[in-house]
Amino acid sequence: MPDSPFARYLRQIDSRLRMLPLAQRELIRRELTAHLEDAATEQQVDPADTAFQAAVIRQLGPAPKLAANLGAVHGAIPLLWWWMAQFAGAFGGGLGIFGGMFAVGLSQDFGLAGLLAIVLLICAGALGVHGVALREHQPTRGYTIVVGCGLVLTAGGALIWHGPLAHSFDLLAGAMVLLSGSLMLLSATTHPVIARRRRAHKALLATVALALVSFVAPFSYLPNPLGMYYLVRGGYRFQPNTWLMNGFATIGTNPAPLVAARLDQLIGQTGLDPLDANVSLQSYTLQQVITDAGGGMNYVDAKLQYANGRTQRYRIPITQFGWQPRVEITGIDRLLTEHRALPGLVPAQYGAPVRLGRATRLPLDSAAQQLFVDDVFADAPLQQLEWAGNGRQLFFIKAAALWSVDIRSGYAQRIAEGVHGFALSADAQSIAWTQSIPPQGGGAWQYRVIVRDQHSGTQRAIGEADRPIIASAADGVYFLHDSVLWRAAWGTGPAEQLGQLPDAGALYADDVVLALAPDGQRVAYRCGSDLCLADTNGKNAVRIALGFEAPAQPGVSPPDAPRGPQPTAGPADFAQPHLATLHLTWRADGAQLAMTSAATDTRGVPELRIVSRAGVVVQQIQVATDGSLEAPQWAADNRLLVLTAYPANGRRIVAVELASSAVFDLSQPHWDAFASLMPDTRTLLLWNGRGGFWQAPLLEAHTP
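Numbering (the numbering used here), first residue to last: 81 to 784.
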């Protein structure tokens, strides 16, 4: 009776029980057919009678309701979920095939073994699809294949996503393989063997599965809720070299082996932080790994032990990205750079005219020490570091915040936010800074100049500037507005206009250089591509050509500007290599000006110029073959200038002896340090952006 009402009724029920094995569905069909025949025998009617079949159907109830009841008895799952699981298994298997094809990095990194791993991944995906097809006829076998493929793909995803030191890392292939394994395991959970279990057993299995994919590798490399949460939020912590971890939350690789390989090279070495300048590193222990949001940055906490028994806990940042080539950077890589002799730099060894004495660590409390730990590998941890005249306080800008640190007590104080530049009075009792004012109606940015009294804590706005830089002299603070130099006396009084500086306005706001002679009578500043000196009233102006290639556009002075020297080059454009490379420092007596400049391409070299107060270049010294230079600092007796240079993409502390024009390298291996002369001009403050401050005496040959 293929077209009878009861036959159609059976087909409707069978279609709603497709999640059950074929044998179970056959048994249900036979039981329902037997029920029809028994009822016909009891009522002595023909079972093929359509009216009788309709009556039996009404007695049994609608097909959807009866199918739901039978499914509950036989352990079936909702039909929609079953179809979703079927799709997940088939799609996951196909995704695994494509993910294996994309994992070419395995063969490049592991040769034949990698090629075999790729073939295994492709076969696993194909078996996953085949397992879904076998489920209806051979459910146990299909279940085994799907679960097996899920585990193989999990391991494959871990290999691609978290290969040894991530050399085989490939985000696209890894994500495809991991998602494939997740989909196929999801499909396996709908198998009748699981569906027929009691609710308590299902809850136990679900708990075990969730624990495995959340905390146990390699299962935890599968996408899981906890891992996704930590990928977005960051802050996931786990112990290195353990299988109890959420692998999906650690996108990239476990960075512990990478950090261990770096620290192994520092065993037995001395240097600046996290090393010790006088005692070698003896051993280390990696304690925990911390992830950042998005997986772009990881941190490894290491416990370092030194030869004198001292220990410290140090956090090392790591970033890993890219593929072919793979980029792996840690916060201590620069300490591993070989300290080679460079052309033009004379090693400041024992017997040299100048060298550094023994470096000693300065005490800083934990809050102050954290200020000197850079966020991105110590490339530029501080801006505009300045000393108070008494040598006890240090002022600097970090992340647009103005800070002061007492060197003796280690106490750190945040003074202001949103600071572009600052200047100190001679006694450091007053401090001035600039804060930006958003433009109105599409106009240019302006900057509010604020002065604060350190004793009382009161502060006041003294004027507005159109350049963020300010400078100080003994008699007050100076700033520029519309090419006019303004001055405000420390403590009292409003700002007063001094004079217009030729071509001081033909600059980009962020590239202004302004330096006042200590007596406040002479000013040096950048004018286009040149250096200009003038009296503070704008008179006696002198322009010094620096030899840079002229920009494309000529300079144009305002029509009301006083006559001054003609520019040798117009306003600088963004293509010029010398932008932001000029630094100016007046000698304490104001008789000379030290200026450093450096081109970032083949159009120039790092140079130091000594300029007289009248504007005559009296000495010109090449400091290195390439790289930029920081601001020069006058040492004792004005015989030496100390500065930080960046030759060969490194960082060196150099001292220039003016009498001989010799450039001495004061740096030591594993330092990677910045330097600042303390106010006594005979002691260098050293730091490398990794948490500590050191001081070392500057020794000259004639020093007893």
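Here a beta-carbon is modelled for each residue, glycine too, at the ideal position from N, C-alpha and C.
request  = Provide the residue span of the alpha helix (DSSP H) that contains Ile137, from first to last.
outcome  = Per DSSP, the continuous alpha helix (DSSP H) segment holding Ile137 begins and ends at Thr130 to Leu140.
task = Answer yes or no: do Arg547 and Gly556 have a C-beta to C-beta separation smaller than 8 Å?
result = Contact flag unset, no.
request  = Give every residue of the same chain whose Cβ lies closer than 8 Å to the Cβ of Met758, excluding the five residues on either side of it in the sequence, and list them in chain order.
outcome  = Trp467, Gly471, Leu764, Leu765 and Gln775
request  = Pick helix, strand or coil for Lys868, following the three-state DSSP scheme.
outcome  = Outside the displayed range of the chain (81 to 784) lies residue 868, so it cannot be described from this structure.
Distance CB(Pro397)-CB(Thr410) smaller than 8 Å = In contact: Pro397 and Thr410 (Cβ atoms closer than 8 Å).
ask   = Under three-state DSSP, which class holds Gly543?
value = strand
message = Classify Arg602: buried if its beta carbon has 16 or more other beta carbons within 10 angstroms, exposed otherwise.
response = Buried, by the Cβ-count rule.
ask   = Among the residues of its own chain, which have a CB less than 6 Å from the CB of Ala197, if the five just before and after it don't count?
value = Leu186
key: Pro519 versus Gln526 - alpha carbon distance   = 7 Å
query = By the 10 Å Cβ neighbour count, where 16 or more other Cβ atoms means buried, how is Leu252 classified, buried or exposed?
reply = exposed
task = Starting from Arg606, trace the beta strand (DSSP E) both ways and give me its first and last residue.
result = Arg602 to Cys607
query = Between the segment 687–700 and the segment 609–625, are three or more C-beta pairs nearer than 8 Å?
reply = Contact between the segment 687–700 and the segment 609–625 is present, because at least three Cβ pairs lie under 8 Å.
task = Return the chain-ordered list of same chain residues with a C-beta closer than 6 Å to the C-beta of Val407, the five sequence neighbours on each side being excluded.
result = Phe401
request  = Could you have a look at Met325 and say whether DSSP puts it in helix, strand or coil?
outcome  = coil
ask   = In angstroms, rounded to a whole number, what distance separates the CA positions of Arg643 and Gln580?
value = Interpretation of Arg643 is limited by its pLDDT of 43, a score under 50 that renders its predicted location unreliable; the figure taken from the coordinates is listed afterwards. Approximately 10 Å between the Cα atoms of the pair.
key: Three-way DSSP call (helix, strand, coil) for Gly471 in this model   = coil
request  = Would you mind reading off the limits of the alpha helix (DSSP H) that contains Tyr310?
outcome  = That run of the alpha helix (DSSP H) goes Pro305 to Arg313.
task = Verify whether the separation of the beta carbon atoms of Tyr558 and Ala569 is less than 8 Å.
result = Not in contact: Tyr558 and Ala569 (Cβ atoms no closer than 8 Å).
query = Can we say the segment 376–385 touches the segment 333–340, given the rule of at least three CB pairs closer than 8 Å?
reply = yes
Alpha carbon of Ala293 to alpha carbon of Thr269, nearest angstrom = According to the sequence shown, residue 293 is Val rather than Ala. Near 14 Å, if we compare the C-alpha coordinates of Thr269 and Val293.
query = DSSP three-state call for Asp118: helix, strand or coil?
reply = helix
ask   = Using the C-alpha atoms, what's the distance from Ser262 back to Phe86?
value = For Phe86 and Ser262, the distance between alpha carbons rounds to 41 Å.
task = Starting from Gln515, follow its DSSP beta bridges and name the residues at the other end.
result = Val499 and Arg528
query = Cα-Cα, which of Ala238, Thr661, Leu578 and Gly169 is closest to Val606?
reply = Reading off the sequence shown, one finds Arg at residue 606, where the question assumed Val. Cα-wise, what sits closest to Arg606 is Thr661.
ask   = Which residue from Asp486, Ala506 and Thr514 puts its Cα closest to that of Gly498?
value = Here the closest residue by C-alpha is Thr514.
query = Are there three or more Cβ pairs, one per stretch, closer than 8 Å when the segment 724–742 is compared with the segment 421–438?
reply = yes
query = Less than 8 Å separating the beta-carbons of Leu361 and Gln349?
reply = A contact, by the Cβ cut-off of 8 Å.
task = On the DSSP bridge assignment, give the partners of Ala776 in chain order.
result = Per DSSP, the beta-bridge partners of Ala776 are Leu764.
request  = Let me know the secondary structure DSSP gives Tyr41 once reduced to three states.
outcome  = The chain is shown from 81 up to 784; residue 41 falls before or after that span and cannot be answered.
request  = Have a look at Gly600, Phe167 and Leu594 and flag the residue whose alpha-carbon is nearest the alpha-carbon of Asp610.
outcome  = In this structure, Leu594 is the residue among Gly600, Phe167 and Leu594 with its C-alpha nearest to the C-alpha of Asp610.
The alpha helix (DSSP H) enclosing Phe401, as first and last residue numbers = First-last for Phe401: Thr391 to Phe401, but that is the beta strand (DSSP E), not the alpha helix (DSSP H).
request  = May I ask you to list the residues that DSSP assigns as paired with Asn378?
outcome  = By DSSP's assignment, Asn378 forms a beta bridge with Thr371 and Ile398.
message = Quick check on the DSSP output: the alpha helix (DSSP H) that includes Phe754 runs from which residue to which?
response = Per DSSP, Phe754 belongs to no alpha helix (DSSP H); it is in the beta strand (DSSP E), Phe754 to Leu757.
query = Among all the DSSP beta bridges, which residues are the ones paired with Met675?
reply = Leu664 and Arg689
request  = Mark Phe654 as exposed unless 16 or more other C-beta atoms lie within 10 angstroms of its C-beta, in which case mark it buried.
outcome  = Bear in mind that a pLDDT of 43 at Phe654, under 50, signals an unreliable position, so the model cannot answer this.
task = Tell me, to the nearest whole angstrom, how far the beta carbon of Gly314 is from that of Asp372; I am working on the premise that it is less than 8 Å.
result = 5 Å
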